[in-house]
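There are 4 protein chains.
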Amino acid sequence: MPEDRAAAPLARPTHLRPDALANRWRVLAAAARQLDGPEGLAMNALAREAGVGVGTVYRHFPTRQVLLEALGAEGLEGLVAAAERAADGDGGEDALAQLLRAGLRRQLADPALATVLAEPTAACTDTAAQLERLRGALEAALAHGRATGRVREDVDADDVRRLLCGLARAVDAGPGRASPSARYVDVVLQGLRPPAP
Amino acid sequence: MPEDRAAAPLARPTHLRPDALANRWRVLAAAARQLDGPEGLAMNALAREAGVGVGTVYRHFPTRQVLLEALGAEGLEGLVAAAERAADGDGGEDALAQLLRAGLRRQLADPALATVLAEPTAACTDTAAQLERLRGALEAALAHGRATGRVREDVDADDVRRLLCGLARAVDAGPGRASPSARYVDVVLQGLRPPAP
Amino acid sequence: MPEDRAAAPLARPTHLRPDALANRWRVLAAAARQLDGPEGLAMNALAREAGVGVGTVYRHFPTRQVLLEALGAEGLEGLVAAAERAADGDGGEDALAQLLRAGLRRQLADPALATVLAEPTAACTDTAAQLERLRGALEAALAHGRATGRVREDVDADDVRRLLCGLARAVDAGPGRASPSARYVDVVLQGLRPPAP
Amino acid sequence: MPEDRAAAPLARPTHLRPDALANRWRVLAAAARQLDGPEGLAMNALAREAGVGVGTVYRHFPTRQVLLEALGAEGLEGLVAAAERAADGDGGEDALAQLLRAGLRRQLADPALATVLAEPTAACTDTAAQLERLRGALEAALAHGRATGRVREDVDADDVRRLLCGLARAVDAGPGRASPSARYVDVVLQGLRPPAP
DNA sequence: AATGAATGAGGGTTCATTCAT
DNA sequence: AATGAATGAACCCTCATTCAT
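Chains as they are written, first to last, in this note's numbering: chain A, 1 to 197; chain B, 1001 to 1197; chain C, 2001 to 2197; chain D, 3001 to 3197.
See below:
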């Protein structure tokens, strides 16, 4: 059972030595590159590619899941920020629509984000916190939508997260990413409206 | 480059010797069991579990993808049959609704089917043929739906397949499978209607 | 937990292909050489030294303990044979004395035997069987010794085995092996006599 | 060649800064805990367990052997003291008997002591000195025993040390530690008497 | 057809050790 | 003195794949 470390949720390191920070960065960059390729995330290959000893990789990311979450962290933060902006209702467009669009676009641009969004539990406290903020923003958007009669009642924030995962999958399950995306978001958006009486 | 065999699509074997047939069966059964577990499909482990030499596994399934498609074949055939029944319009319910429901239920019951449904190209001619039949049935259902004004114009059969993949993912991306399924199908169904004018 | 294979006791392979047999031999020979050196038995190093793939080593000896027992098997059989000869009482010398002498000499000549003799449970059925035969021979020797009043009553076959392990250790715990051996056996032999009344 | 430092015997540090002393203690405590478990003494794991940097461990114990001797030092001192008391012949019991009993009991209670007692040469001057005192006490006990005709002539202090190591091994080589111990000591004691004429 | 032995690449992980801070 | 980051060798083990039998 090799992946039984870090059972306790991991906090993001603070105050890293500058060289350590640089290494962390190189590893993350290499990981992002590998994630684009078809292979999984092999710790050894990662270290090689990053020009760093294996041990260093393990020090920074004791578990593949920790690494994944670190990879997706930036994207997740971006998504959360966008979600909160949308939920704050700057009035422009339908908050939920903005949210779905942003969520899908960002997943397609960042596979790590898609992975993190779909995983059952977070390994890092940081990730958990961001996901919780995301849930809050989604709930707010839904509440507003429900109040204005534009969102059905039987759907909650977690449903939206799951539908976002599904959207990304639908787009990935075929050729072409640009044109289907808009349409699929449209389908889900319309599907989220309250059923006609 | 380990997976470079069988670039040419593979036809399903016919007229197997009875013992060969039995072996094929044992391997498929073992593979189904392994697919339920969390591990991948390791040829060696598979052979061990099936009580068969590795060579035998390779003879029957030269590629992992071939094996996967063989695994999903039964489920795929079932889905195709259901789709054609629905498209034939026995009149009962909305064909598209039946289709989505069946497609989701069967994917959840059969991970191999979900995989096959999402893969870009088929390795076996058989699979390709079934997928083509599925496409036909979906197209028929859509045509009928469009004709009766219950399905939007900008969605084609492949979109439905992809949305089916997305549905399965949405269900898998969270806890609980029963109650969300129906709701998510509902969302997509409603989303597929023509937009209100 | 990497050593959880071969939980079921392993029987010695029969009817090996000739090349497999040759490999088995090469590995055992290399292992014997490594055991003389100060390092442990590293499977990788072993394979390298034997001129054989790692996989081959694992196929033949799924566990380090299995390997050790295979290494010690010959020595153990020799000891068992000697013990049975001694127990059969060819009349020459005191059976127990012969046994201790043989047991010590063979352990010193064969570190694997010393290891096997001291391990709490056998991994291979074969080893277990030989150990059982040894126990029988020891018991017989003790019984005869007790009957003739030359062995104390409160010592059984397992005690003798353990004392044999102790003897080997005593010899190994210092410089010089030849002269102490005889003396130490002597000490134990005299110590095994019934206490003076 | 990792263990080529500290070829020159090491003196025990004196006048440690209080915090250094505390660290030394934590490391030793952690080492004692690890030695009870089945794993070896890994410097890294040790540091982790002790809540101390690896560097600190190395500063205090440049070599694993030094660490081991430090671990066993207390036990060794205890044994030496007991041996000298016994050799001083407080008259009570047979000195040699007391010695063997104490030596075995202490080895069983303290694996590090057993290790130190069996190692060919000491890494620390301190250990060497204690071992020398032990030798002296054993020699005294033997001399007295020989003088009173209760110990055979052909056994010296180092033999007794080695037999002590053997005793510990005999006890460890099987199930049960309490009841065999006394018997095995008995066997060796009786074996050390001068042979009947 | 089937078998299963062999191979060796390669991923996972730990650890001893050094050294900049 | 202490720290802990970094390194990389080395081990463990599993697999995909080939091929002689």
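We put the CB at the ideal spot given by N, CA and C, even for glycine.
Using only the alpha-carbon positions, how far apart do residue i and residue j sit?
i                     : j                 : result
asparagine 23(A)      : glutamate 49(A)   : 12 Å
threonine 2115(C)     : glutamate 2139(C) : 21 Å
aspartate 186(A)      : leucine 3046(D)   : 58 Å
alanine 196(A)        : tyrosine 1184(B)  : 17 Å
alanine 3030(D)       : alanine 1170(B)   : 49 Å
leucine 1076(B)       : arginine 135(A)   : 36 Å
serine 1959(C)        : alanine 2102(C)   : Because chain C is modelled from 2001 through 2197, residue 1959(C) falls outside the range shown and cannot be assessed.
leucine 96(A)         : glutamine 130(A)  : 18 Å
arginine 105(A)       : glycine 1089(B)   : 37 Å
alanine 2143(C)       : valine 2057(C)    : 43 Å
aspartate 4(A)        : glycine 149(A)    : Because aspartate 4(A) carries a pLDDT of 48, less than 50, the predicted location of this residue cannot be relied on, and the following value inherits that uncertainty. Near 47 Å, if we compare the C-alpha coordinates of glycine 149(A) and aspartate 4(A).
alanine 2082(C)       : proline 2194(C)   : 25 Å
alanine 1137(B)       : arginine 1146(B)  : 14 Å
alanine 2006(C)       : alanine 3123(D)   : Note on alanine 2006(C): pLDDT 49, under 50, position unreliable in the model; no value is reported.
proline 111(A)        : aspartate 94(A)   : 26 Å
arginine 1033(B)      : alanine 1042(B)   : 12 Å
phenylalanine 3061(D) : glycine 3055(D)   : 10 Å
glycine 40(A)         : glutamate 2084(C) : 60 Å
glycine 3037(D)       : leucine 3167(D)   : 22 Å
tryptophan 3025(D)    : leucine 35(A)     : 46 Å
glutamate 2074(C)     : aspartate 2154(C) : 31 Å
aspartate 3172(D)     : aspartate 2172(C) : 16 Å
When you compare each of the options to residue i by their alpha carbons, which one comes out closest?
i                  : options                                           : result
arginine 1162(B)   : Ala1118(B), Gly1072(B) and Leu1067(B)             : Ala1118(B)
alanine 3086(D)    : Leu3167(D), Glu3077(D) and Leu3099(D)             : Leu3099(D)
cysteine 2165(C)   : Arg2152(C), Ala2129(C) and Ser2181(C)             : Ser2181(C)
arginine 2177(C)   : Asp3159(D), Gly3075(D) and Leu3079(D)             : Asp3159(D)
asparagine 3044(D) : Gly40(A), Val155(A), Arg59(A) and Ala83(A)        : Arg59(A)
alanine 2020(C)    : Ala2032(C), Gly2053(C), Arg2152(C) and Ala2157(C) : Gly2053(C)
glycine 1066(B)    : Thr1125(B), Ala1157(B) and Arg1146(B)             : In the sequence under discussion, the amino acid at residue 1066(B) is valine, which differs from the glycine named in the question. Of Thr1125(B), Ala1157(B) and Arg1146(B), the residue nearest in Cα terms is Thr1125(B).
glycine 3051(D)    : Arg3150(D), Val3027(D) and Pro3175(D)             : Val3027(D)
glycine 1078(B)    : Leu1113(B), Ala1147(B), Gly1055(B) and Glu1153(B) : Leu1113(B)
valine 1080(B)     : Asp1172(B), Gln1107(B) and Leu1041(B)             : Gln1107(B)
arginine 1152(B)   : Gln1190(B), Pro1018(B), Thr1063(B) and Leu1041(B) : Gln1190(B)
proline 120(A)     : Pro1038(B), Gly1174(B), Glu1039(B) and Leu1035(B) : Gly1174(B)
aspartate 2156(C)  : Ala2168(C), Ala2141(C) and Glu2084(C)             : Ala2141(C)
So what does DSSP say about residue i, is it helix, strand or coil?
i               : result
proline 2002(C) : With a pLDDT of 41 at proline 2002(C), under the threshold of 50, the modelled position of this residue cannot be trusted, and the question is left open.
proline 1194(B) : coil
alanine 147(A)  : helix
State buried or exposed for residue i, treating a residue as buried only when at least 16 other CB atoms are found within 10 Å of its CB.
i                 : result
proline 2(A)      : Confidence is the limiting factor: at proline 2(A) the pLDDT is only 40, short of 50, which leaves the residue's position unreliable and the question unanswerable from this model.
glutamate 132(A)  : exposed
threonine 127(A)  : buried
glutamate 1232(B) : The structure shown has nothing for residue 1232(B), since chain B only spans 1001 to 1197.
alanine 3109(D)   : exposed
glycine 72(A)     : buried
leucine 192(A)    : buried
valine 3188(D)    : buried
proline 2018(C)   : exposed
threonine 2063(C) : buried
alanine 2011(C)   : exposed
May I ask you to list, following chain order, the residues of the segment 158–169 of chain A that have a beta carbon less than 9 Å from some beta carbon of chain B?
Taking 9 Å as the Cβ-Cβ cut-off against chain B, the residues of the segment 158–169 of chain A that qualify are Asp158, Asp159, Arg161, Arg162, Leu163, Leu164, Cys165, Gly166, Leu167, Ala168 and Arg169.
Got a sec: which bits of the segment 183–196 of chain A sit with their beta carbon under 8 Å from any beta carbon on chain B, in order along the chain?
The residues in question are Arg183, Tyr184, Asp186, Val187, Val188, Leu189, Gln190, Gly191, Leu192, Arg193 and Pro195.
Against chain B, which members of the segment 10–43 of chain A pass a CB distance test of less than 9 Å?
Listed by position, the residues of the segment 10–43 of chain A near chain B (Cβ gap below 9 Å) amount to none.
When you check each C-beta in the segment 144–155 of chain A against every C-beta of chain B, which residues fall closer than 9 Å?
Listed by position, the residues of the segment 144–155 of chain A near chain B (Cβ gap below 9 Å) are Arg152, Asp154 and Val155.
Please identify, using Cβ separations under 9 Å, the residues of the segment 3102–3135 of chain D that lie next to chain C, in order along the chain.
Listed in sequence order: Leu3117, Ala3118, Glu3119 and Pro3120.
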